[in-house]
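J.: Quick one: the structure is below, and I'll ask about it shortly.
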Amino acid sequence: MEMEVETSFGEKANVGSGFPLKIWEVVAAFTIVLVFSLGLFCVYLTMPASDYSFLKLPQSLEDLQVLRGHLETYTRDYTAQVLVGYCAVYIFMQTFMIPGTVFMSLLAGALFGVLKGVALVVFTATAGASSCFFLSKLVGRPLVFSLWPDKLSFFQAQVAKRKHKLLNYMLFLRVTPTLPNTFINVASPIVDVPYHIFFLATFIGLIPAAYVTVRAGLALGELRSLGDLYDFQSIATLFFIGVVSVTPTLVGKNKEA
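At position 141 of the sequence shown the residue is numbered 141 (the numbering used here), and the sequence of numbers has no breaks.
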């Protein structure tokens with residue numbers, strides 16, 4: 001049974017429907033997936049001949065350690081091809097919200113070192129988040145309403161209260177784990193966050209966490225769980241940066257009061 005309700009966004013949404021997407025949205029999403037998949041396949045065709053049976057999206061530290069062991073020598077011989085392949089896979093995962101990008105960030109540190117690794121992760125993460133932003137702008141609205149209605153209402157209210165200092169607030173969200181990055185990517189166009197603010201907050205705000213993760217990738221063999229990535233000092237540092245980024249918003253509100 002379907003029922004239309006008025007949302008806090010002044011729109012009507014279907015509640016209780018089995019599938020929230022319309023036919024044209026399904027076709028558009030499928031076309032985008034197909035284009036990305038063909039792009040990945042073309043990148044694969046440009047890679048030098050080798051045994052690629054070891055290649056898989058890492059979903060655990062064990063997968064990542066095996067992948068690193070195979071790729072170290074390969075990266076030295078075919079650096080450009082590995083960079084292109086890495087960027088394509090990371091952007092694909094980020095665009096379609098596929099879990100495992102934290103393992104890709106660790107891999108960047110293991111293969112390229114801290115400075116190159118951070119630059120690579122920030123670039124690919126920003127590109128992937130931007131791609132997800134525009135994909136959500138096209139077909140994501142019904143899915144976001146269906147999956148995260150309460151979280152979306154909260155995000156909308158916070159964005160509305162901070163329109164004049166929105167960059168600071170978005171930086172705060174990116175630096176701290178207040179809201180998941182995946183949710184921020186898909187919800188930002190729905191709550192009318194301008195793309196230039198989304199881009200700047202993503203590009204700048206991801207640097208601290210990228211540094212922590214990439215640096216941990218240098219000692220990949222010593223990691224026993226993802227919990228080892230963020231010790232108390234790392235988490236405290238990220239929250240401190242987040243508080244600093246949101247301080248101008250709070251000061252501005254106090255002055256207005």
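Yeah, the Cβ is synthetic: ideal placement off N, Cα and C, and Gly gets one too. For clarity, every value in this text was computed on a predicted model and none was experimentally measured.
Which residue comes first and which comes last in the alpha helix (DSSP H) that contains P142?
T.: Secondary structure note for P142: its alpha helix (DSSP H) is the uninterrupted segment 141-147.
J.: Hey, Q94 and G128: beta-carbon distance below 8 Å or not?
T.: Yes, the pair counts as a contact, with Cβ atoms nearer than the cut-off.
J.: What is the DSSP secondary structure of G205, counted as helix, strand or coil?
T.: helix
J.: Just confirm the distance between the C-beta atoms of L155 and L179, as a whole number of angstroms; I'd bet it's less than 8 Å.
T.: Checking the sequence, you will find Phe at residue 155 rather than Leu. Yes, F155 and L179 are in contact; Cβ-Cβ is about 7 Å, under 8 Å.
J.: Where F123 and D150 are concerned, what is the direct C-alpha to C-alpha distance, given to the nearest angstrom?
T.: 31 Å
J.: Does the stretch 154-168 come close enough to the stretch 182-200 that 3 or more CB-CB pairs lie under 8 Å?
T.: yes
J.: Can G217 and A80 be called in contact, C-beta distance under 8 Å?
T.: Contact flag unset, no.
J.: What is the residue span of the alpha helix (DSSP H) that Q81 lies within?
T.: 79-95
J.: CB V118 to CB I207, shorter than 8 Å?
T.: yes
J.: In terms of alpha-carbon separation, which member of A125, G69, S131 lies closest to I32?
T.: S131
J.: Between V214 and V121, is the Cβ-Cβ spacing less than 8 Å?
T.: yes
J.: Within 10 angstroms of its Cβ, does L64 collect 16 or more other Cβ (buried), or is it exposed?
T.: Under a 10 Å Cβ-count criterion, L64 is classified as buried, with 16 or more other Cβ atoms of the shown protein chains found around its own Cβ.
J.: So the alpha helix (DSSP H) G39 belongs to, where does it begin and stop?
T.: 23-46
J.: Give the secondary structure of K56 by DSSP, where H, G and I count as helix, E and B as strand, and everything else as coil.
T.: Coil, per DSSP.
J.: Does Y169 pass the burial test, meaning 16 or more other C-beta atoms within 10 Å, or should it be called exposed?
T.: buried
J.: Decide if A219 is buried, meaning its Cβ has at least 16 other Cβ atoms within 10 Å, or exposed.
T.: exposed
J.: Check whether the Cβ atoms of V84 and T75 sit closer than 8 Å, and answer yes or no.
T.: no
J.: Here's the rule: buried if 16 or more other CB atoms are within 10 angstroms of the residue's CB, otherwise exposed. What is K56?
T.: K56 should be labelled exposed.
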